[in-house]
Each structure stands twice: as C-alpha cells, then as structure tokens.
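By my numbering, the letter at position 138 of the sequence shown is numbered 138, and the numbering carries on one by one without gaps. This report concerns only the one structure given below.
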Amino acid sequence: MPLWTNNNLRVQSLRLFRNSVHYILFIVQFHKPLKCTPQTRFLNAMKNPLTNKKALSQPVTAMILLVVPVMLTGSVVMYAYQIVGTQLQVDAVVVSNHHVWIYDDASSFAGFELDNIGGRDIVIDKIEVRGTEVLWATVHYYKTELIITDLLNCPSHDGQRWVNFEYTPGTAANFTQATGDIPLPSGYTIVVFIENPDNLRVGDTGASISITVYTDRAQYQVLCNAESAEDA
1 MPLWTNNNLR
11 VQSLRLFRNS
21 VHYILFIVQF
31 HKPLKCTPQT
41 RFLNAMKNPL
51 TNKKALSQPV
61 TAMILLVVPV
71 MLTGSVVMYA
81 YQIVGTQLQV
91 DAVVVSNHHV
101 WIYDDASSFA
111 GFELDNIGGR
121 DIVIDKIEVR
131 GTEVLWATVH
141 YYKTELIITD
151 LLNCPSHDGQ
161 RWVNFEYTPG
171 TAANFTQATG
181 DIPLPSGYTI
191 VVFIENPDNL
201 RVGDTGASIS
211 ITVYTDRAQY
221 QVLCNAESAE
231 DA
C-alpha cells in the first residue's frame, strides 16, 4: 500500500501536530535561565534597561520559531485532507439491464437496473423514456444492497401484480409504486419498471429507444432496442 494514502495522510498529519505541541511544551517546561550574580544582572540592566528578565533565551526562541512553521504546515495538510476527502465522494452511478418491451396490443414496459457505487447518496428526481418524462404513478421499483442481477423479466400486460414479482429468473420481490423523488443510498441497487411509457407504439419494435435517469446532480442516458413482448 502506498505511504501517502488518504488515511495515512491524516494519521501522519495528526501525529506531526501532536509531536510538535509536545516538543514546545517540553522546551518551555524544562528551560531554566542561566544563573547569574546580582552584579551581573545589574550590569545587564544598565546596558539594556528594556531587557525582560523573564524572556526565553535565544536558542529556545529559535527552536520555537522553527517548530511553529512545522505545526502550521501540519494544520494546512490536515485542512487539505478534509477538502480532498470531500471531493473524492463523487457520484458513481451505473445503469444496466435496460429494456423496452412492446406487446401486440401496443401496451409497453421499460425497465432498468441502477447501481449507486459512489461515495454519495443520490436522489432520482426524473425519468424519461424517448425524451418524454414518465409519471411517477407508472413507476414501480425495488431497492436492495448492491447485487448482480440477471436479465430482467418482462412484466405481464394483463394486470401485472407487483407483489412477489419474479423480476429476474429465480428471484422475486415486492415492488413499490413511486409517489415522487426516489432516494438511493450509496452501495444500493434499484430495479425500476415503467408501465406504458408515452411515445411508444407497435411500430417502434426494433427501434433504438433512450432511457434517461436524472439525479440531483447529474443525468444518465442509455439506449436499447425495443423488444417484442409476449406473455409466458
């Protein structure tokens, strides 16, 4: 592992700051002024009346002046670490398993999987299919910790039930109907199905259809070819 990883940088900065403080306290605590006779003190006072008898000696002052910049440098490094650590928490979203299914009666579904693998939570605030915003009432979703999903199953156009729905071969879950923006924590997967998106008709089978997901900070667009759907 490299020496200056983010965690090591923080530890080293804190250690440098702590040692610097201890070093200054050690110098001040054990510093003793040189002994001198009353006559010597009198002569020194006559030479320079403004001399402070309680001032630190020149070597000690020089040491402190050398240590203070080190302490300030450590503080700057710690501050920089805080900024860099915050900036590294960026959005990292992967949209996969995207499909558009069209039945012979012109009913249709769109579906996709979205993985939030970044360091920040996100909020899905809009979804578009072929450039047209979908209504939240037509969106059904299932959230779970990051998983690897096989191909999504096409929902039934004959009264699809979203309870215990086998959304991928061998795996079923209860889907929730959306009522508004959908938050997705970091490290989670969401599987989304959209009922009857606008702008789709039977003649669009085989055409390239776009699905765009908008979050509070970015947007993600994927393309897929519309598939002909049949009930199992």
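Note that beta-carbon positions come from the ideal geometry of N, C-alpha and C, so glycine has one too.
For Leu114, the enclosing beta strand (DSSP E) starts and ends at 108–116.
The beta carbon of Ala178 is closer than 8 Å to those of Trp136, Ala137, Val139, His140, Tyr141 in its chain, skipping five residues each way along the sequence. Remark: fewer than three beta-carbon pairs, one from each stretch, lie closer than 8 Å, so the stretch 165–174 and the stretch 196–203 are not flagged as touching. Residue Tyr103 holds the alpha-carbon nearest to the alpha-carbon of Ala226 among Tyr103, Tyr220, Val94. Ranked by Cα distance from Trp101, the options Val95, Gly111, Val93 are led by Gly111.
Looking at Ser96, Asp105, Asn97, Val94, the one whose alpha-carbon comes closest to that of Ser228 is Asp105. Distance from the CA atom of Pro155 to the CA atom of Asp91, rounded to whole angstroms, is 30 Å.
Contact holds between the stretch 108–127 and the stretch 207–225, because three or more Cβ pairs, one in each stretch, are under 8 Å apart. Non-local C-beta neighbours of Ser186 in its own chain, meaning closer than 7 Å and more than five positions away in sequence, comprise Asn116, Gly118, Gly119, Arg120, Asp121, ordered along the chain.
In this structure Val222 does not touch His99 by the C-beta definition: roughly 10 Å separates them, more than the 8 Å allowed. Relative to Thr215, the option among Lys126, Tyr188, Ser96 whose CA is nearest is Lys126.
Judged by DSSP in its simplified three-state form, Asp150 adopts coil rather than helix or strand. Residue state for Val163 is assigned as coil, using DSSP reduced to three classes. Tyr188 is a Cβ neighbour of Thr144, given a cutoff of 8 Å.
The three-state secondary structure of Thr144, taken from DSSP, is strand. Contact between Thr132 and Asn153 fails: their C-beta atoms lie close to 24 Å from each other, not under 8 Å. In the structure shown, Asp204 falls within a helical segment according to DSSP collapsed to helix, strand and coil. Taking a 10 Å sphere around the C-beta of Leu151, we find fewer than 16 other C-beta atoms and assign the residue as exposed.
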